[in-house]
Every structure is written in C-alpha cells, then in structure tokens.
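Take a look at the structure set out below.
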Amino acid sequence: MASKPSSSSQEEFYVEEDFIYGAESGWVEARTSCEHLGSLSSDLSHIPPPDTSCSRCDKPNENWLCLCCKDVLCSRFVNKHMLEHYQQRNHCLALSYSDLSVWCFSCDSYLDAQVIFQLRPVYEIAYILKFGEAPPFRTISNAHPDNEAAGSSSSN
Ligand SMILES: [Zn+2]
Ligand SMILES: [Zn+2]
Ligand SMILES: [Zn+2]
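Residue 98 in full-length UniProt numbering is what sits at position 98 of the sequence shown, and the numbering runs on without skipping anything.
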C-alpha cells in the first residue's frame with residue numbers, strides 16, 4: 001500500500017477556518033447513518049483514556065480519538081491535528097473526549113452514537129472511562145410499544 005505519489009511538502013495543504021460548518025451556531029443535527037463506518041478500527045474495546053494528550057503536540061485536553069486508528073489528536077481549536085490527520089490519512093471518524101460526540105469529517109456532520117449501533121460500544125467505553133459509569137442510553141424508537149393504547153385485537 002501507500003503507493004500514492006504525494007508531494008513532498010507537508011505544509012502546503014490549506015486548512016479552511018470554518019471547516020465545521022454551523023458547529024458554532026448552536027445545535028446541529030446529528031446524523032443517524034454514515035457511509036464511512038467501514039473504516040472504524042476493528043478493535044475499539046481498548047481505547048486510550050480521555051485524559052490522553054495529543055500524540056503530536058502533547059496538548060492535554062480538547063482532544064479527539066481517531067476511531068480508525070485510535071490515535072489521540074487535538075481539536076481544530078488547538079492545533080488542528082485531528083483535522084490534519086483526516087486530510088493526510090483520510091481517517092474521518094473521531095470521538096471527542098470533551099463531550100463524547102462523534103464527528104465524521106467526510107459527512108461533515110456529527111453522528112448519533114446512541115443510534116448507530118457500530119458506534120455504541122466505543123461511545124459506552126469512552127463514557128465509562130470518562131465518568132466511571134455506563135451511559136444512560138435513551139429509549140430507541142424501535143423498542144417494543146408497551147402501552148396498550150393501540151387496540152391490538154389479539155382474538156384471531
Ligand atoms: Zn495536537
Ligand atoms: Zn487515524
Ligand atoms: Zn461519514
């Protein structure tokens with residue numbers, strides 16, 4: 001692999017300042033699907049603890065966990081190493097150790113880690129590492145409707 005002829009200078013790629021559109025304008029809708037989940041690491045049961053420093057600049061907080069290779073990299077508000085990582089390696093899935101949100105750079109959107117079942121295990125592990133207890137998963141809409149409001153005529 002790695003046969004891509006890349007230009008030798010690493011510093012010439014252009015980082016757009018407002019790469020995360022709308023992220024600062026309050027609530028942004030989290031997607032409940034993503035085409036890039038195939039690039040998730042095959043072993044997300046062991047992840048670095050949430051206080052891990054950025055592997056490149058050693059910043060201790062505001063870091064992201066790359067869900068493709070489990071590298072810990074700082075946010076675009078620090079030295080943009082997670083963004084760089086995405087641009088260089090095309091690892092688009094990252095979990096924030098600040099608020100445990102999952103971002104897909106390719107979708108340019110947050111992902112709902114409680115709905116997307118591939119993301120739930122790593123979200124849960126990160127939550128336990130950060131807070132010391134399992135996350136309170138909200139009820140998913142495809143659960144059994146256990147109120148008998150709909151007149152289920154079981155006489156058949
Ligand atoms: Zn960094
Ligand atoms: Zn990565
Ligand atoms: Zn995606």
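By construction, the Cβ of each residue, glycine as well, lies at the ideal position given by its N, Cα and C atoms. Source: prediction; values computed, not measured.
DSSP three-state label for residue i, please.
i, result
"residue 152", "Its pLDDT being 47, under 50, residue 152 is placed unreliably by the model, and nothing is read from it."
"residue 21", "Any reading at residue 21 needs caution, since the residue's pLDDT is 46, under 50, leaving its predicted position unreliable; the model's value is listed next. DSSP places residue 21 in coil when its eight states are reduced to three."
"residue 136", "coil"
Would you please state the rounded distance, in angstroms, between the beta carbons of residue i and residue j? I believe it to be under 8 Å.
i, j, result
"residue 47", "residue 80", "Not confirmed; about 21 Å, so no contact."
"residue 104", "residue 34", "5 Å"
"residue 122", "residue 67", "6 Å"
"residue 76", "residue 65", "Not quite, the Cβ-Cβ distance comes to about 15 Å (not below 8 Å), so this is no contact."
"residue 36", "residue 106", "5 Å"
Below 8 Å between beta carbons: does that hold for residue i and residue j?
i, j, result
"residue 62", "residue 98", "yes"
"residue 130", "residue 60", "no"
"residue 72", "residue 96", "no"
"residue 30", "residue 110", "yes"
"residue 39", "residue 91", "yes"
"residue 45", "residue 125", "yes"
State the start and end residues of the unbroken alpha helix (DSSP H) segment that holds residue i.
i, result
"residue 120", "120 to 131"
message: If we require 3 or more residues per run, which beta strand (DSSP E) segments fall completely within the segment 54 to 114?
response: Scanning the segment 54 to 114 for uninterrupted beta strand (DSSP E) segments of 3 residues or longer gives 63 to 66, 72 to 74, 93 to 96, 102 to 104 and 109 to 111, listed from N- to C-terminal end.
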